[in-house]
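**Student:**
There are 4 protein chains.
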Amino acid sequence: MRLNWGMIGGGDGSQIGPAHRIAAGMDGLFTFAAGALDVDPAKGRDFAQRLGVSADRAYGDWREMLAGERDRADRVDLVTVATPNSTHYEISKAFLEAGFHVLVEKPMTVSVEQAEDLVRTAKAAGRICAVNYGYTGYALVRHMRAMVARGDLGRVRLVVAEFAHGHHANAADLDNPRVRWRYDPALAGVSAQFADCGIHALHMASFVTGDEVETLSADFASCLPQRVLEDDAMVNFRFSSGTVGRLWTSSVAIGRQHGLTIQIFGETGGLRWAQEQPNQLHYMPLGGRATIIERGEGNLSPEADRASRVTVGHAEGMPEAFANVYRDLGDTILALKAGRAPDPVAGLYPKAEDGLRSIAAIHAAVASAAGKGAWVDARPPMFR
Amino acid sequence: MRLNWGMIGGGDGSQIGPAHRIAAGMDGLFTFAAGALDVDPAKGRDFAQRLGVSADRAYGDWREMLAGERDRADRVDLVTVATPNSTHYEISKAFLEAGFHVLVEKPMTVSVEQAEDLVRTAKAAGRICAVNYGYTGYALVRHMRAMVARGDLGRVRLVVAEFAHGHHANAADLDNPRVRWRYDPALAGVSAQFADCGIHALHMASFVTGDEVETLSADFASCLPQRVLEDDAMVNFRFSSGTVGRLWTSSVAIGRQHGLTIQIFGETGGLRWAQEQPNQLHYMPLGGRATIIERGEGNLSPEADRASRVTVGHAEGMPEAFANVYRDLGDTILALKAGRAPDPVAGLYPKAEDGLRSIAAIHAAVASAAGKGAWVDARPPMFR
Amino acid sequence: MRLNWGMIGGGDGSQIGPAHRIAAGMDGLFTFAAGALDVDPAKGRDFAQRLGVSADRAYGDWREMLAGERDRADRVDLVTVATPNSTHYEISKAFLEAGFHVLVEKPMTVSVEQAEDLVRTAKAAGRICAVNYGYTGYALVRHMRAMVARGDLGRVRLVVAEFAHGHHANAADLDNPRVRWRYDPALAGVSAQFADCGIHALHMASFVTGDEVETLSADFASCLPQRVLEDDAMVNFRFSSGTVGRLWTSSVAIGRQHGLTIQIFGETGGLRWAQEQPNQLHYMPLGGRATIIERGEGNLSPEADRASRVTVGHAEGMPEAFANVYRDLGDTILALKAGRAPDPVAGLYPKAEDGLRSIAAIHAAVASAAGKGAWVDARPPMFR
Amino acid sequence: MRLNWGMIGGGDGSQIGPAHRIAAGMDGLFTFAAGALDVDPAKGRDFAQRLGVSADRAYGDWREMLAGERDRADRVDLVTVATPNSTHYEISKAFLEAGFHVLVEKPMTVSVEQAEDLVRTAKAAGRICAVNYGYTGYALVRHMRAMVARGDLGRVRLVVAEFAHGHHANAADLDNPRVRWRYDPALAGVSAQFADCGIHALHMASFVTGDEVETLSADFASCLPQRVLEDDAMVNFRFSSGTVGRLWTSSVAIGRQHGLTIQIFGETGGLRWAQEQPNQLHYMPLGGRATIIERGEGNLSPEADRASRVTVGHAEGMPEAFANVYRDLGDTILALKAGRAPDPVAGLYPKAEDGLRSIAAIHAAVASAAGKGAWVDARPPMFR
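Chains as they are written, first to last, in this note's numbering: chain A, 26 to 409; chain B, 26 to 409; chain C, 26 to 409; chain D, 26 to 409.
This is the structure:
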């Protein structure tokens, strides 16, 4: 049985749009049934139809889509919101309240207040509000989580995360509009590199440990001094359990392409994973030797097996990771529609609570950096 | 505009079936419209419908499918043949003659004669007969081909290819039916590891150089002496141009997962690529330094750009490589249907001629190995 | 012409002793002529003689050695001090004042005051006081320094350094005397992991940039809570030029053996080097591709060429790096003895000023960590 | 107690001379006491004295050295012969017959007959004739041998060895005298790349398996067609035990620096080691995961421990590997002088028998390549 899927944003020329369509389509669970893809209504309607959406469900804007879908018997089962950040809140809230399940791009909202409200809205509506921290969809990231959860590392003592690239290192790009807006508070908000990239690493640190950031201390730098917002940041943090955290993120690290990496050190073992070579996980048991865990090998966790599609030795990539988020959502929605309890292993998609915690951590880091690295509470008020 | 796609074989529990469905579906070009998926007609019909095929196009066997699709206005535009090897020839020939485009799994046929006949059949019918050497779909494999073609390496002097794994190394598996048949001539034919894996590396060597194997000398070994067919082989060869080739393949190489690698050495540079980390290509210009080419970086070849879906630093994998074969076929078929000349860059899918050359090379290697490594002509008779 | 060399400490069973003897002996510059190798005078005399030192120069303690060597015509040209940390100051000062050149193990002294005094003492005596930050002896570390100095990276914006290992991760070692003392303030001083390992990375950051740490902020953690001193530390810092620095060090990072790595990011390029594979240096020019610089390749800097012994592709290791410090010292001392100006390229050995700055940085980090990460001045008083 | 060491050849500007002097001097076992270093007697005498050899033992040629050393009470205990290949036989024979232990550079001799004679000469004289296949001195190469010997891999089925570099790939070097002679039969003998580099890999294959090459089949190519001798070769072989061997060597593999690598596959495990990163050994037990063995880690074999000098995580390199050959020789000679049985673990240095087998294999490969890959006996007559 297939589900109907709709998308808001992700129009012609967008980078994230195709990634969502590939991910949603990969396993044949979702039919792309409706869309409001562009700020220009005509362009959006045209593009949706070129992608196979029927004319009556190729909408001019999200309000039109909400009105059009709301009362259909075959209405979309899941709406992906991939519009500009400042609109995430309003659109997601409206669809949730109308009883749709929603997957919203990160950052979920602009403010902590909005994020708390979305968490409450989803709960009240009994609907899923998922957030696209898609990198946690990699099979071996999920295996790390499973290993921690089943105690392979003992108590986790330390997590070291990175997300470093060099794509904004060129001073000649200071006036390049594709780069400039990211460092302009009027357009990007309170944080640039930490909010854009670092937060993925922070979410992953929480995901694999099953723990929550409690306090943090941040050092922000504008390595290109013309920038108002940070292009490099170091964040030290502590999880609720006391686990120590270190996170470095940079956009001026020439030579790094997409350096999302994570290391986890526990009482009885260590793990290291890097997104650029996501099919290998380095594991060292205390007193043993470094070993390489391969995606797709036998005897991995149910979480990893579920997230794999091809046999060992064949690389999977980011499209498969994103597709795992969609598959989780699809299976969960199918269960809900059938009145079955969803499979817990399908419940690893990032949730509104994760989106909220991330927004709170960004604001906390900004406050700490402004206060010369003072330690601050990183939790959203509703979880303190 | 979408195309209709059908599949023969690839039933429930098959390994290759899901890979084809993911690949065909990835870019939204093909609708899975018809199938004869299983030797058990009832199982096949049921499985097809569970995958969303309508009841009237969920066929019991390939003859029924041929009869059912032949006269439909919306008949399938492409048929994938993923049945047992010995049936490839008959099925593919029947569909080609009925005017369908065909993608057949490797090996295309069992004998050189059959393969030559399929080449002639496709030509006579004016239809595409493609063969699934899907590893040449990787963006950076295509970039290697483009680099060679545009002269970045000068004349190619030497190609060194490997496909080594260790999945058949366990003597306890000698009686495991999933392994045993592969080394039984009655079931596997004249060659085991070279025909199954080595041939991918040989095809890739031809693909990246745009050259054809002319002569070869083979040394086959059964490292587990109980095996009749080889589990390890070394093949030395010469291309038509005189380029030297070396190819090692093994199924007893414990510690290698899926060691499909290729190195190309020319007058002015060298290249090295490995399937297990397919998003990096090592390039060394003569007198320079080793450099790392990243899939998705700017200024790659049109061939590589066309074969990429996500931004640099984000891994793509085998599903995307296979999907590139389907995208090529889809774009080419769309052009043919529209009476347009297909885009040459979309013409890189492996063709019946490649399938034929591979079959001929397998038989040549078997003959050479039986003759203590005598050098033999590796070309199919029709290309001599 | 050969120089005479003497050693204090490094007796039978010591780990650092053989490393010094290999390094001093590697190039035939030094004859091991005198030693006071052990706290037990008899053992020390015996061991020295077994190592080829003549009986009259196999001393019972350093005072005896100072008295014995002071007036010899063939007295030692260089004295290595590899005794317990708390004795470095007294011994080094005595030998410097007696006109000997000295190489002292790190940490140079226990306090900033002592370190400042040694700097002044060496200057007043006109003698070399070198400190064994031997990791900066690697050919490619010196090449990084040369690249920065000649402007290959433009202005350096950011340095990220690490020294992470997992050798103290086992809780069962809390009472192991070989580990325990390191975390006991009475024996180890004010800092454990940062003073022992992190400081190498901090010195390397200064060495490659030619810049000095001005301020820092530290977060210390005892991942094994029973420890009084830190086993994990993050230090953010700023160089005098404004360059941003990040340094992580850990002794609980299971799976890391000796993770001394450094990344340097400038306006026009990035570099990455790791001690565990010291013969490759990753360099990425802005807008270009990652390239791999090989130790021993043609056209490196004079600094790197001087520090290489074998041809490209043949690994060199830590013994060669340490030997480079000795060769620098030997060549410099030979020049001084001959009344020639020493070759500036031979002047890259770490000096008393480096030792002093390191001690000041350790004390600054301890103060900052105690102050919840407050930013503090990291410079020694005499350099403010 | 120290031994006296002498050297013939390795004069000023030679590449191999410094490597021997570093290796012999590294552990303080040998005093460089005598030398005949240059074809120009005056130059040789001068250079030896500059290196610290006393005037009376700085000889003009090897005959003078033989005469001078023969009757000294403190005569050299070991003579290293590093002269042009064609002179190895005569010099080594003369010194052996005069009762000296000899270490001769590879190739040991020019012909199989000479090599057999040296084996007999050494035996008759009761003296060591060692050959400098120094790459087997790496600690982890010795550990591989120990693992095989103690059965960690079960019966060895397959060995795959490589020695590929690209230093002769430039056609502009065809007339470069430093390269040209290597491919000129009048100067280089019957084989170029296989005799120069490939033979190291072949010796290593024998060393680690403890097995001997029995038959082989070779394919030689001159990728630069102007060359008379091969610049690329593939050699298939069989060991006495039936183990399958594959060996590729090339001097036109642009991008490879010094690609000496070896893979060993047995019934119960696989190993992979590469000279460019010699401190890590990849080991995969059957049915397990790839693990990384680190030089210097605890619980390695006595063979590996003996061959290590610095702690785990600190790289060792080629100088240490060569020094292990000298240390073995030194310890063995000390035992012989003391009338003790030498420690078997010190007996891993390559011997005249290894040199002989290598010469025989080179001639066999040349014959096979000339015979279109015919399988030939690779054993020296005296071992058939």
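Ideal Cβ placement from N, Cα and C applies to all residues, glycine included. The structure displayed is predicted, hence computed values, not measured ones.
Under the three-state reduction of DSSP, which class applies to D:ASP413: helix, strand or coil?
**Tutor:** Because chain D here runs from 26 to 409, residue 413 of chain D falls outside it and cannot be looked at.
**Student:** Say whether chain C places a C-beta atom closer than 8 Å to the C-beta of D:PRO303.
**Tutor:** To locate residue 303 of chain D, count along the fourth sequence from 1; it is residue 278. Yes, because at least one Cβ of chain C sits closer than 8 Å to the Cβ of D:PRO303.
**Student:** Please list the residues of the region 112–135 of chain A that have a C-beta atom closer than 8 Å to any C-beta atom in chain B, keeping them in chain order.
**Tutor:** Of all residues in the region 112–135 of chain A, none places a beta-carbon less than 8 Å from a beta-carbon of chain B.
**Student:** Pull the bridge partners of B:ASN110 from the DSSP assignment, please.
**Tutor:** By one-based count along the second sequence, residue 110 of chain B stands at place 85. Answer is none; B:ASN110 lacks a bridge partner.
**Student:** For C:LEU76, decide whether its Cβ has a neighbour in chain D, counting only Cβ atoms nearer than 8 Å.
**Tutor:** Walking along the third sequence from the start, residue 76 of chain C turns up at place 51. It does; some Cβ of chain D falls within 8 Å.
**Student:** Please list, in chain order, the chain D residues whose beta carbon lies closer than 8 Å to that of C:GLU319.
**Tutor:** Along the third sequence, read from residue 1 onward, the residue named residue 319 of chain C stands at position 294. Here the neighbours are GLN282.
**Student:** Which runs of the beta strand (DSSP E) at least 3 residues long sit entirely within the region 311–387 of chain B? Give them in chain order.
**Tutor:** Within the region 311–387 of chain B, the complete beta strand (DSSP E) runs of at least 3 residues are 315–319.
**Student:** Tell me the rounded alpha-carbon separation between C:TRP30 and C:MET90.
**Tutor:** Against the third sequence, residue 30 of chain C aligns to sequence position 5. Against the third sequence, residue 90 of chain C aligns to sequence position 65. Cα-Cα distance, rounded: 12 Å.
**Student:** Give me the Cβ distance between A:THR146 and A:LEU121, rounded to the nearest whole Å; I'm assuming they're in contact under 8 Å.
**Tutor:** To locate residue 146 of chain A, count along the first sequence from 1; it is residue 121. To locate residue 121 of chain A, count along the first sequence from 1; it is residue 96. With 8 Å as the limit, A:THR146 and A:LEU121 qualify as a contact, their Cβ atoms being about 5 Å apart.
**Student:** If you drop the 5 nearest sequence neighbours on each side, which residues of the same chain put their C-beta closer than 7 Å to that of B:ALA80?
**Tutor:** Along the second sequence, read from residue 1 onward, the residue named residue 80 of chain B stands at position 55. GLN74.
**Student:** Let me check understanding here. Comparing Cα to Cα, which of A:ALA403, A:VAL337, A:GLY35 and A:PRO202 lies closest to A:ASP379?
**Tutor:** Translated into positions along the first sequence, residue 379 of chain A becomes position 354. Ranking A:ALA403, A:VAL337, A:GLY35 and A:PRO202 by Cα distance to A:ASP379 puts A:ALA403 first.
**Student:** For the alpha helix (DSSP H) holding C:MET90, just list the boundary residues, first then last.
**Tutor:** Translated into positions along the third sequence, residue 90 of chain C becomes position 65. Run containing C:MET90: 87–95, per the alpha helix (DSSP H) assignment.
**Student:** Kindly say whether D:ALA186, judged by its beta-carbon, lies nearer than 8 Å to any beta-carbon of chain A.
**Tutor:** For the purposes of this step, residue 186 of chain D is identified with residue 161 of the fourth sequence, where counting begins at 1. No, its Cβ sits nowhere closer than 8 Å to a Cβ of chain A.
**Student:** Would you list the one or two residues that DSSP bridges to A:ALA261?
**Tutor:** On the first sequence, residue 261 of chain A is found 236 positions in, with the first residue counted as 1. Ala is not the amino acid found at residue 261 of chain A; the sequence shown has Asn there. For A:ASN261, which the question treats as bridged, DSSP gives the partners A:SER242 and A:ARG271.
**Student:** By a C-beta neighbour count over all protein chains shown, 10 Å radius and 16 as the cutoff for buried, is A:TRP206 buried or exposed?
**Tutor:** Along the first sequence, read from residue 1 onward, the residue named residue 206 of chain A stands at position 181. A:TRP206 should be labelled exposed.
**Student:** Any residues in the region 309–343 of chain C with a beta carbon nearer than 7 Å to a beta carbon of chain B? Which ones, in chain order?
**Tutor:** ARG314, ALA315, THR316, ILE317 and ILE318
**Student:** Between the region 249–261 of chain A and the region 206–216 of chain C, can you find at least three pairs of beta-carbon atoms closer than 8 Å?
**Tutor:** Contact between the region 206–216 of chain C and the region 249–261 of chain A is absent, with fewer than three C-beta pairs closer than 8 Å.
**Student:** The beta strand (DSSP E) spanning A:THR146 covers which residue range?
**Tutor:** Counting from one through the first sequence, the residue named residue 146 of chain A turns up at place 121. From DSSP, A:THR146 is part of no beta strand (DSSP E) but of the alpha helix (DSSP H) over 137–150.
**Student:** What are the start and end residues of each continuous beta strand (DSSP E) run of 3 or more residues lying completely inside the region 156–201 of chain A, in chain order?
**Tutor:** 181–189
**Student:** So the beta strand (DSSP E) A:ILE33 belongs to, where does it begin and stop?
**Tutor:** Mapped onto the first sequence, residue 33 of chain A falls at position 8. First-last of the beta strand (DSSP E) with A:ILE33: 28–34.
**Student:** Cβ of A:GLY191 within 8 Å of Cβ of A:ILE279?
**Tutor:** As a first step, residue 191 of chain A must be located in the first sequence, where it is residue number 166. As a first step, residue 279 of chain A must be located in the first sequence, where it is residue number 254. In contact: A:GLY191 and A:ILE279 (Cβ atoms closer than 8 Å).
**Student:** What span of residues does the alpha helix (DSSP H) with A:THR234 cover, start to end?
**Tutor:** To locate residue 234 of chain A, count along the first sequence from 1; it is residue 209. It spans 224–234 - the alpha helix (DSSP H) in which A:THR234 sits, taken as one unbroken run.
**Student:** Helix, strand or coil, according to DSSP, for B:VAL204 in the structure here?
**Tutor:** Here residue 204 of chain B is taken as the residue at index 179 of the second sequence, counted from 1. Three-state result, B:VAL204: helix.
**Student:** Taking 8 Å as the cut-off, decide whether the C-beta atoms of D:LEU381 and D:VAL144 are in contact.
**Tutor:** For the purposes of this step, residue 381 of chain D is taken as residue 356 along the fourth sequence, with counting starting at 1. For the purposes of this step, residue 144 of chain D is taken as residue 119 along the fourth sequence, with counting starting at 1. Yes, they are a contact pair.
**Student:** Provide the residue span of the beta strand (DSSP E) that contains D:ILE41, from first to last.
**Tutor:** Counting from one through the fourth sequence, the residue named residue 41 of chain D turns up at place 16. Run containing D:ILE41: none in the beta strand (DSSP E); it sits in the alpha helix (DSSP H), 41–50.
**Student:** Whole angstroms is fine: what's the gap from D:ALA48's alpha carbon to C:ALA123's?
**Tutor:** Within the fourth sequence, numbered from 1, the residue matching residue 48 of chain D stands at position 23. Within the third sequence, numbered from 1, the residue matching residue 123 of chain C stands at position 98. If you take the alpha carbons of D:ALA48 and C:ALA123, they lie about 35 Å apart.
**Student:** My output table needs one value for D:ARG409: the three-state DSSP class, helix, strand or coil.
**Tutor:** Locating residue 409 of chain D in the fourth sequence gives position 384, where the first residue counts as 1. In this structure, D:ARG409 counts as coil in the three-state DSSP scheme.
**Student:** Quick check: the Cα distance between D:GLY36 and D:LEU76, rounded to an integer number of angstroms?
**Tutor:** Here residue 36 of chain D is taken as the residue at index 11 of the fourth sequence, counted from 1. Here residue 76 of chain D is taken as the residue at index 51 of the fourth sequence, counted from 1. Distance between the alpha carbons of D:GLY36 and D:LEU76 is about 11 Å.
**Student:** Using a Cβ-Cβ cut-off of less than 7 Å, list which residues of the region 186–207 of chain C approach chain A; keep chain order.
**Tutor:** GLY191, ALA194, ASN195 and ALA196
**Student:** Flag this pair as yes or no: are the beta carbons of B:LEU178 and B:GLY294 separated by less than 8 Å?
**Tutor:** Position 153 of the second sequence, counted from the first residue, corresponds to residue 178 of chain B. Position 269 of the second sequence, counted from the first residue, corresponds to residue 294 of chain B. Yes, the Cβ-Cβ distance between B:LEU178 and B:GLY294 is below 8 Å.
**Student:** So is A:PRO132 buried or exposed if we call it buried at 16+ other beta carbons inside 10 Å?
**Tutor:** To locate residue 132 of chain A, count along the first sequence from 1; it is residue 107. Burial call: buried.
**Student:** Whose CA, out of C:PHE245, C:ASP71 and C:ARG82, lies closest to the CA of C:ALA394?
**Tutor:** As a first step, residue 394 of chain C is located in the third sequence; it is residue number 369 there, counting from the start. Checked all of C:PHE245, C:ASP71 and C:ARG82; the closest Cα to C:ALA394 is C:PHE245.
**Student:** Is C:CYS154 closer than 8 Å to A:LEU183 when the C-beta atoms are compared?
**Tutor:** Position 158 of the first sequence, counted from the start, is the residue given in the question as residue 183 of chain A. Position 129 of the third sequence, counted from the start, is the residue given in the question as residue 154 of chain C. No. Outside cutoff.
**Student:** Looking at the structure shown, is C:ARG297 part of a helix, part of a strand, or coil, going by DSSP?
**Tutor:** Within the third sequence, residue 297 of chain C is the residue found at index 272, counting from 1. It is a strand residue.
**Student:** In the region 34–61 of chain C, which residues sit with their C-beta less than 8 Å from some C-beta in chain D, listed in chain order?
**Tutor:** GLN40, PRO43, ALA44, ARG46, ILE47, GLY50, MET51, ASP52, GLY53 and PHE57
**Student:** When the Cα of C:GLY93 is compared with those of C:ALA61, C:SER117 and C:TYR114, which residue comes out closest?
**Tutor:** Along the third sequence, read from residue 1 onward, the residue named residue 93 of chain C stands at position 68. Of the listed residues, the one whose Cα sits closest to C:GLY93 is C:ALA61.
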